[in-house]
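Under this note's numbering, the first residue of the sequence shown is numbered 383, with each subsequent residue one higher. For glycine and all other residues, C-beta sits at the position ideal for the given N, C-alpha and C. Since this is a predicted model, take the numbers as computed values, not measurements. First comes the structure, then the notes that go with it.
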Amino acid sequence: MSARMSSADTAWLHMDRPTNLMVINSVDLFDQPLDWDRVKQITQTRLVDRYPRFRQRVVESRLPLRAPRWENDPDFSLEHHMHRLALPAPGDPAALQELVGDLMTQPLDRNRPLWHTYMVDGFGTGAAIIHRMHHCIADGIALARVMLSLTDAQPDAGIEPAMLEGDRPGWGGLIPGLIGSTSRLLATAGSVGTTALRQAGGLAVSPSHAVSVAGAVTRDGVTALRLLLTPADAATALKGDPGISRRVAWSRPLSLARIKRIARDHDATVNDVLMAALTGALRHYLQERGSPVREIQAMVPFNLRPLDQPVPRELGNRFGLVFLPLPVGVGGSYRRLVEVHKRMNEIKHSRDGAVSYALLSAAGLTPEPVERRIVDVFTGKGTAVVTNVPGPTEPVYLAGTPVRTSLFWAPTSGHIGMSVSIFSYRGEVTVGLMVDAALVPDPGEVVVQFEREVRALGGPAPRRSARSRSAPGGATRPRTARAARARRSRA
Numbered sequence: 383m384s385a386r387m388s389s390a391d392t393a394w395l396h397m398d399r400p401t402n403l404m405v406i407n408s409v410d411l412f413d414q415p416l417d418w419d420r421v422k423q424i425t426q427t428r429l430v431d432r433y434p435r436f437r438q439r440v441v442e443s444r445l446p447l448r449a450p451r452w453e454n455d456p457d458f459s460l461e462h463h464m465h466r467l468a469l470p471a472p473g474d475p476a477a478l479q480e481l482v483g484d485l486m487t488q489p490l491d492r493n494r495p496l497w498h499t500y501m502v503d504g505f506g507t508g509a510a511i512i513h514r515m516h517h518c519i520a521d522g523i524a525l526a527r528v529m530l531s532l533t534d535a536q537p538d539a540g541i542e543p544a545m546l547e548g549d550r551p552g553w554g555g556l557i558p559g560l561i562g563s564t565s566r567l568l569a570t571a572g573s574v575g576t577t578a579l580r581q582a583g584g585l586a587v588s589p590s591h592a593v594s595v596a597g598a599v600t601r602d603g604v605t606a607l608r609l610l611l612t613p614a615d616a617a618t619a620l621k622g623d624p625g626i627s628r629r630v631a632w633s634r635p636l637s638l639a640r641i642k643r644i645a646r647d648h649d650a651t652v653n654d655v656l657m658a659a660l661t662g663a664l665r666h667y668l669q670e671r672g673s674p675v676r677e678i679q680a681m682v683p684f685n686l687r688p689l690d691q692p693v694p695r696e697l698g699n700r701f702g703l704v705f706l707p708l709p710v711g712v713g714g715s716y717r718r719l720v721e722v723h724k725r726m727n728e729i730k731h732s733r734d735g736a737v738s739y740a741l742l743s744a745a746g747l748t749p750e751p752v753e754r755r756i757v758d759v760f761t762g763k764g765t766a767v768v769t770n771v772p773g774p775t776e777p778v779y780l781a782g783t784p785v786r787t788s789l790f791w792a793p794t795s796g797h798i799g800m801s802v803s804i805f806s807y808r809g810e811v812t813v814g815l816m817v818d819a820a821l822v823p824d825p826g827e828v829v830v831q832f833e834r835e836v837r838a839l840g841g842p843a844p845r846r847s848a849r850s851r852s853a854p855g856g857a858t859r860p861r862t863a864r865a866a867r868a869r870r871s872r873a
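Here's what the structure looks like:
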């Protein structure tokens with residue numbers, strides 16, 4: 383079996399650098415040991431047998447401007463891709479974080495399907511699983527759904543899945559935010575070139591339609607130009623020439639109910655609260671190193687795939703990247719939340735995600751040196767990549783063992799040295815960092831500051847004047863839900 387690689391997937395394949403491997407890394411944590419033989423059977427049945435890309439290798443064309451192809455690996459064996467390891471003593475989170483960081487630096491063998499799974503014994507009283515999959519196979523949101531399809535709602539489930547993962551209850555997303563609402567955008571977005579070609583047939587018979595299409599293409603062109611001309615972030619303690627070494631750290635599980643309460647009290651969303659807390663953590667980290675800046679760009683994957691449908695067997699990348707300026711120069715936790723809320727709303731109503739997907743797809747059609755230059759210009763503008771993956775609302779089980787939590791890290795590129803993972807699951811949120819060890823040798827400090835920022839946002843809200851209580855649309859509303867209740871009680 384052979385299949386041509388899409389231009390978007392080709393772009394991610396050719397984005398590999400020794401200092402920035404285009405590999406999506408994830409970690410699953412368990413409080414109990416696992417039956418590894420059963421894990422292998424489930425992986426074979428639900429991953430390898432269902433999705434062809436996990437048994438296919440990439441074959442580059444010898445002809446210029448010809449896309450690579452997916453071809454079956456004639457020597458495929460699960461043993462080439464699933465490895466059992468023992469975590470060094472003392473088997474604590476620090477030991478696991480060091481192991482994950484070391485594995486992140488290892489390139490995948492291009493002569494084999496581009497994925498590996500490491501089954502780790504000795505993590506406390508339980509175990510861990512580390513997944514490494516090349517970005518050309520699929521985007522992180524699709525791979526997160528694929529990985530969750532290995533799990534079950536009940537511990538006594540069989541090897542065969544009870545239902546397709548896209549139909550599983552609870553996958554609606556605890557934190558929909560930027561990735562939950564984009565299926566509506568997809569209906570009208572698409573790429574610039576594809577939109578123009580699809581609409582061209584109606585131009586001759588409908589002058590008004592021609593005006594509408596011309597306006598849409600012009601708007602997308604302006605958006606593309608703005609994205610390409612967005613200035614790159616200046617070098618800071620978080621951004622510079624990356625090395626090869628990686629380090630990871632993650633937070634304690636945070637109560638989603640508490641974060642939702644903070645969001646309600648501040649007339650914000652859960653995403654706003656989490657991004658504001660991240661902004662504050664990065665601000666403190668920069669200040670402590672004498673490197674204050676006005677703002678830094680976070681690159682946020684913007685899902686363009688309907689979440690209410692199963693992931694296609696061919697997988698692939700179907701997402702754009704949007705720039706979210708983080709106001710690290712703004713003092714005060716609440717003021718940062720207000721500013722983040724405003725900027726998040728602007729992104730949600732823009733076409734940046736769809737247009738950036740078109741730009742990356744177009745880059746995949748160019749000669750590789752040109753493609754590398756385009757991708758470097760586009761992706762080198764930010765300081766961090768931030769992914770937000772919503773998980774099930776109820777506990778899930780892998781091979782009969784409950785999953786404690788999971789973390790997913792998108793790869794970085796250009797001069798970006800930090801990837802931030804936000805994963806929500808069974809009423810908890812876990813935040814993880816993957817960083818360039820030379821730029822950020824102590825990611826745990828950022829995690830500690832993040833937890834402090836969440837606590838600070840949970841404190842009493844400052845009073846504001848009536849003029850400052852205007853909603854984004856111009857309507858006046860109470861500053862917080864608590865204030866609204868107090869107003870009703872006084873009435």
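Can you give me the C-alpha to C-alpha distance between residue i and residue j, rounded to a whole angstrom?
| i | j | result |
| --- | --- | --- |
| lysine 730 | glycine 702 | 13 Å |
| threonine 874 | aspartate 654 | No answer is possible for residue 874: the residues shown for the chain start at 383 and end at 873. |
| arginine 725 | proline 707 | 7 Å |
| histidine 513 | lysine 422 | 13 Å |
| proline 784 | valine 778 | 6 Å |
| proline 823 | isoleucine 424 | 37 Å |
| aspartate 623 | aspartate 534 | 43 Å |
| serine 806 | leucine 525 | 16 Å |
| methionine 515 | histidine 465 | 14 Å |
| glutamine 488 | aspartate 649 | 44 Å |
| valine 405 | leucine 656 | 25 Å |
| valine 767 | glycine 814 | 12 Å |
| proline 709 | valine 817 | 20 Å |
| asparagine 685 | proline 475 | 31 Å |
| alanine 510 | valine 409 | 7 Å |
| proline 694 | valine 440 | 19 Å |
| histidine 666 | isoleucine 804 | 20 Å |
| leucine 638 | arginine 808 | 9 Å |
| tyrosine 500 | aspartate 419 | 13 Å |
| phenylalanine 705 | lysine 763 | 9 Å |
| phenylalanine 458 | glutamate 721 | 51 Å |
| leucine 821 | methionine 800 | 9 Å |
| alanine 619 | leucine 660 | 16 Å |
| alanine 819 | glutamine 669 | 19 Å |
Take residue i as the anchor and find which of the options has the nearest alpha-carbon.
| i | options | result |
| --- | --- | --- |
| glutamine 831 | Gly672, Ala663, Leu689 | Ala663 |
| glycine 714 | Leu839, Ala390, Gln479, Gln679 | Leu839 |
| alanine 885 | Val712, Gly506, Leu656, Ala781 | The structure shown has nothing for residue 885, since the chain only spans 383 to 873. |
| serine 443 | Phe436, Tyr433, His396 | His396 |
| leucine 496 | Leu719, Gly508, Pro635, Pro434 | Pro434 |
| cysteine 518 | Asn493, Arg671, Arg494, Asp391 | Asp391 |
| valine 712 | Tyr500, Ile644, Arg676 | Arg676 |
| leucine 485 | Ser788, Arg527, Ser627, Ile798 | Ser627 |
| threonine 651 | Leu719, Ala619, Ala614 | Leu719 |
| leucine 490 | Arg634, Leu403, Gly672 | Leu403 |
| aspartate 647 | Gly841, Leu429, Phe436 | Gly841 |
| glutamine 438 | Arg432, Arg494, Leu668, Trp394 | Arg494 |
| arginine 687 | Phe436, Pro472, Arg527, Pro825 | Arg527 |
| serine 673 | Leu636, Arg717, Ala658, Ala617 | Ala617 |
| valine 697 | Met529, Gly826, Leu467 | Position check: residue 697 holds leucine in this sequence, whereas valine was assumed. Closest option to leucine 697, Cα to Cα, is Met529. |
Around the C-beta of residue i, are 16 or more other C-beta atoms found within 10 angstroms, so that it is buried, or is it exposed?
| i | result |
| --- | --- |
| isoleucine 523 | buried |
| asparagine 329 | A query on residue 329 cannot be resolved here, the shown segment of the chain reaching from 383 to 873 and no further. |
| histidine 723 | buried |
| glutamine 414 | exposed |
| arginine 786 | buried |
| alanine 680 | buried |
| isoleucine 541 | exposed |
| glycine 796 | buried |
| histidine 462 | exposed |
| glutamine 479 | buried |
Measuring only from the beta carbon, is residue i closer than 6 Å to any heavy atom that is part of the ligand PLP?
| i | result |
| --- | --- |
| cysteine 518 | As for the ligand PLP, it is missing from this structure, which has no ligand bound. |
What would DSSP say about residue i, mapped onto helix, strand or coil?
| i | result |
| --- | --- |
| proline 688 | coil |
| histidine 462 | helix |
| alanine 476 | helix |
| proline 400 | coil |
| glutamate 728 | helix |
| threonine 812 | strand |
| alanine 535 | coil |
| isoleucine 798 | coil |
| glutamate 453 | strand |
| proline 434 | helix |
| arginine 786 | strand |
| lysine 422 | helix |
| arginine 634 | coil |
| query | Do three or more CB pairs link the stretch 385-402 to the stretch 447-454 at distances below 8 Å? | reply | yes
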